[in-house]
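To start, the structure itself, in structure tokens.
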Amino acid sequence: METALREAREEIGLESKSVRILGCLDQIISLHFYLVTPFVGLIPSDFEAKVDSVETESVFEVPLEFFLDSEHHWSEVLNHRKYPVISHHFKFQHYDIWGLTAKLILRLLEVGLRHQPDYPIHHPQAPPWMELAQHFDGTEESLSAKIKQSINNRSGIRQRS
């Protein structure tokens, strides 16, 4: 959590004393094999970002309800190393909110609002990223073995139903 708060201070000038941490979501592994621990917090509605242009391109505010409407969503399938993944995108004004950011937002909606979108979150031939994070030790080789095991287990379950 300290890392997240420090990054927020460096990138947009958000002081940690201004954040009310609500909790954290499941850890997730990025496509670049970073283990990410996302925290959820509230900030004052009158907060004005002080952007560090070296760290941050832009800051914009999006109402959470925006992500509940599937009209704003589109996705593409990417072939990533050993398995296909769905890359989610949300079009907001001239911004494309995508990748890990979009995936974390979808997880927040699922956990926080019990929202299930009318489109798939994970590719059926790939394990959910949260599942992989449970056994991740920081090496691609370890992750590769877990992916194969997970896919085989899921395939076995599908064949029995």
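Per our numbering: the sequence shown = residues 17 to 177. Note that beta-carbon positions come from the ideal geometry of N, C-alpha and C, so glycine has one too. Note that the coordinates shown come from a computational prediction; the quantities given were computed from them, not determined experimentally.
Would you check if the distance between the CB atom of residue i and the CB atom of residue j is smaller than 8 Å?
i, j, result
"H88", "F106", "yes"
"E59", "V35", "Strictly speaking, residue 59 in this sequence is Ile, with Glu absent from that position. Cβ distance < 8 Å, so I59 and V35 count as in contact."
"A65", "V101", "no"
"G57", "I44", "no"
"P133", "L120", "no"
Using the C-alpha atoms, what's the distance from residue j back to residue i?
i, j, result
"F63", "H96", "38 Å"
"Y99", "G115", "16 Å"
"D42", "V67", "28 Å"
"P144", "E26", "31 Å"
"H131", "M17", "25 Å"
"S46", "A20", "16 Å"
"E126", "I137", "10 Å"
"Y50", "G29", "24 Å"
"H139", "H110", "27 Å"
"L124", "L84", "11 Å"
"E73", "T117", "15 Å"
"V70", "D112", "20 Å"
"E23", "K33", "14 Å"
"H48", "L80", "27 Å"
Mind checking who residue i pairs with in its DSSP beta bridge?
i, result
"R36", "L58"
"I113", "F106"
"P100", "N95"
"L51", "I45"
"H89", "F106"
Using C-beta distances below 8 Å, list every residue in its chain close to residue i, excluding the 5 sequence neighbours before and after it, in chain order.
i, result
"F108", "F76, V78, F82, H88"
"A128", "Strictly speaking, residue 128 in this sequence is Gly, with Ala absent from that position. Result list for G128: V56, in chain order."
Between which residues of its own chain and residue i is the CB-CB distance below 7 Å, once the five residues before and five after are set aside?
i, result
"E31", "R25"
"S86", "P133, D134, Y135"
"T53", "C40, Q43"
"S103", "S91, E92, L94, W114, G115"
Check whether the Cβ of residue i sits closer than 7 Å to any heavy atom of the ligand GTP, and report yes or no.
i, result
"L122", "By its list of ligands, the structure shown contains no ligand whatsoever, and the ligand GTP lies outside what it can speak to."
Excluding the 5 residues preceding and the 5 following residue i in the sequence, name in chain order all residues of the same chain whose CB lies nearer than 6 Å to its CB.
i, result
"S61", "none"
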